[in-house]
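Chemist: Below is a structure I'd like to ask you about.
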Amino acid sequence: MTNFHISLGTEVADALRDGRPVVALESTIVSHGLPRPDNLRVARQIEQAVRDAGAVPATIGMVAGELIVGLDDAQLTRLATVDGVSKLSVRDLAVAAATGADGATTVAATSAVAAVAGIGVFATGGLGGVHREAAQTFDESADLVTLARTPIAVVCAGVKSILDVGATLERLETLGVSVVGYRTRRFPGFYLTDAGFDLDWSVESPEQAADVLAARREQGVHSGGLIVANPLPVDEQLDPALHDRTLATGLAMLARDGVTGKAVTPFLLAHFHSATEGASLAVNVRIILRNADLAARIAVAAAARRTAAPA
1 MTNFHISLGT EVADALRDGR PVVALESTIV SHGLPRPDNL RVARQIEQAV RDAGAVPATI
61 GMVAGELIVG LDDAQLTRLA TVDGVSKLSV RDLAVAAATG ADGATTVAAT SAVAAVAGIG
121 VFATGGLGGV HREAAQTFDE SADLVTLART PIAVVCAGVK SILDVGATLE RLETLGVSVV
181 GYRTRRFPGF YLTDAGFDLD WSVESPEQAA DVLAARREQG VHSGGLIVAN PLPVDEQLDP
241 ALHDRTLATG LAMLARDGVT GKAVTPFLLA HFHSATEGAS LAVNVRIILR NADLAARIAV
301 AAAARRTAAP A
């Protein structure tokens with residue numbers, strides 16, 4: 001009988017057993033979010049950023065039907081270089097395993113798998129959310145409902161600015177997902193430092209973020225996720241005028257070509273890369289490296305807090 005259990009990479013398994021800090025990383029950015037050959041190089045840089053800040057990286061993905069928490073370099077290379085890698089949300093995981101697929105996990109799937117594996121912090125670029133025209137299409141990322149029931153901290157640069165940011169924040173509030181800014185009370189828009197919306201809460205340090213996680217755990221009331229919105233510095237964001245022009249042309253292309261559903265985000269990200277002559281890719285890389293560093297620092301602070309807690 002086939003074994004469909006989640007597999008832990010050796011380094012990740014050892015770290016979790018010993019109570020050392022671990023940071024979950026998604027694989028969709030590797031297979032679908034960045035162009036080849038940059039994707040593999042950046043994936044390795046992301047893992048190194050986590051290590052440099054004192055934590056163990058756990059990139060999550062599926063190889064030949066095996067769901068793995070902590071891909072080794074050969075497995076990471078496979079997901080970065082082979083064709084036909086499926087984009088896996090939570091609902092796809094069992095089917096993909098049963099059919100022996102290669103798959104890259106989305107924010108939703110990575111969050112859910114990481115939480116089951118005992119990992120409390122996850123770094124990504126930007127969340128999915130409510131798509132524009134969702135009132136007609138009902139198109140909303142599974143990231144939102146998954147985070148409503150998954151106890152994990154997600155460090156991100158807000159939601160992708162190609163989405164309906166305001167509607168996404170409203171849905172997160174309705175779903176009971178906590179959102180805090182990192183040293184800001186303004187919600188970032190992925191490529192942009194400020195998406196134009198206020199936040200009720202902020203944290204000023206990795207230690208304070210770790211305190212939020214500890215309070216949630218000890219109170220035992222809230223079982224949903226914590227979004228730590230980490231904006232780019234203003235001088236590192238994509239030029240706002242260039243962003244707005246590129247988004248407008250991309251949305252027009254979506255309508256012209258009839259692109260819908262989970263194909264929308266990869267389509268628009270590819271358009272941004274092409275239309276900005278690589279500037280958006282450079283910003284994207286800065287985002288994920290900064291988030292990986294902050295997530296690792298939060299994981300380190302959380303691990304230290306657990307160690308220091310009285311028995």
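Everything in the sequence shown is counted per UniProt numbering, starting at 1 for the first residue and increasing by one. Ideal Cβ positions, reconstructed from N, Cα and C, are used throughout, including at glycine.
(1) Is T105 buried or exposed, if buried means 16 or more other CB atoms sit within 10 Å of its CB?
(2) Could you have a look at E204 and say whether DSSP puts it in helix, strand or coil?
(3) When you compare only the Cα positions, how much space is there between G120 and F4?
(4) What separation, rounded to the nearest whole angstrom, lies between the Cα atoms of V90 and V145?
(5) Do you know how far the Cα of E140 is from the Cα of D14?
(6) According to the Cβ coordinates, are Y182 and L294 closer than 8 angstroms?
(7) Out of curiosity, what's the CA-to-CA distance linking T10 and Y191?
(8) Determine the closest residue to G126 out of P206, F187, V221 and S202, with distance taken between C-alpha atoms.
(9) Using CA coordinates, which residue listed in R305, A117 and L289 is at the minimum distance from A209?
(10) Measure the C-alpha to C-alpha separation of A58 and L242 and round it to an integer number of angstroms.
(11) Give me the residue from V12, S7 and V22 with the minimum Cα distance to A296.
(12) Using a Cβ-Cβ cut-off of 7 angstroms (strictly less than) and excluding sequence neighbours within five positions of H32, which residues of its own chain qualify?
(13) What's the call for D18, buried or exposed, on a 16-neighbour Cβ count within 10 Å?
(14) Note down the Cα distance separating N39 from G225, rounded to an integer number of angstroms.
(15) What is the residue span of the beta strand (DSSP E) that I60 lies within?
(16) Around the C-beta of P206, are 16 or more other C-beta atoms found within 10 angstroms, so that it is buried, or is it exposed?
(17) If you reduce the DSSP assignment to three classes, tell me which class P240 lands in.
(18) Mapping DSSP to helix, strand and coil, what is V283?
(19) Give a yes or no on contact between the stretch 163-182 and the stretch 146-154, applying the rule of three or more CB pairs nearer than 8 angstroms.
(20) Taking the C-alpha atoms as reference points, what is the distance between L222 and G250?
(21) Please go through the stretch 68-110 and give each complete alpha helix (DSSP H) segment of 4 or more residues, from N-terminal end onward.
(22) Using the C-alpha atoms, what's the distance from V203 back to D52?
(23) Please say whether V30 and L79 have beta carbons closer to each other than 8 angstroms?
(24) For F197, list the residues DSSP reports as bridge partners.
(25) Which of the three DSSP states, helix, strand or coil, is assigned to F138?
(26) Among the candidates G54, V85 and R44, whose CA atom is the shortest distance from the CA of A64?
(27) On the DSSP bridge assignment, give the partners of A153 in chain order.
(28) Does the stretch 164-171 come into contact with the stretch 231-248, if we say contact requires no fewer than three beta-carbon pairs (one atom in each stretch) closer than 8 angstroms?
(29) Going by C-alpha to C-alpha distance, which of S280, T99, V95 and S111 sits closest to S27?
(30) In chain order, what residues of the same chain have a beta carbon less than 6 angstroms from the beta carbon of D143, not counting five sequence neighbours either side?
(31) Ignore the nearest five residues each way along the sequence and tell me which others in L289's own chain have a CB closer than 7 angstroms to its CB.
(32) Give me the Cβ distance between V113 and V69, rounded to the nearest whole Å; I'm assuming they're in contact under 8 angstroms.
(33) Report the three-state DSSP secondary structure of V130 (helix, strand or coil).
Modeler: On the basis of the supplied data:
(1) buried
(2) coil
(3) 23 angstroms
(4) Straight-line Cα distance between these residues: approximately 11 angstroms.
(5) So the two alpha carbons sit approximately 37 angstroms from each other.
(6) Contact: yes.
(7) Roughly 35 angstroms between the two C-alpha positions.
(8) Of the listed residues, the one whose Cα sits closest to G126 is F187.
(9) R305
(10) 35 angstroms
(11) Comparing Cα positions, the closest option is V22.
(12) K87, A104 and P266
(13) exposed
(14) C-alpha separation (whole angstroms): 27 angstroms.
(15) V56 to V63
(16) buried
(17) helix
(18) helix
(19) yes
(20) Looking at the sequence itself, residue 222 is His, so the reference to Leu does not match. Roughly 38 angstroms separates the two Cα atoms.
(21) 73-81 and 93-98
(22) 22 angstroms
(23) yes
(24) F187
(25) coil
(26) V85
(27) V121 and L226
(28) The answer is no - the stretch 231-248 does not touch the stretch 164-171, with fewer than three Cβ pairs under 8 angstroms.
(29) For S27, the nearest C-alpha among the options comes from S111.
(30) V107, A108, L127 and G128
(31) Q45, I46 and A49
(32) 6 angstroms
(33) strand
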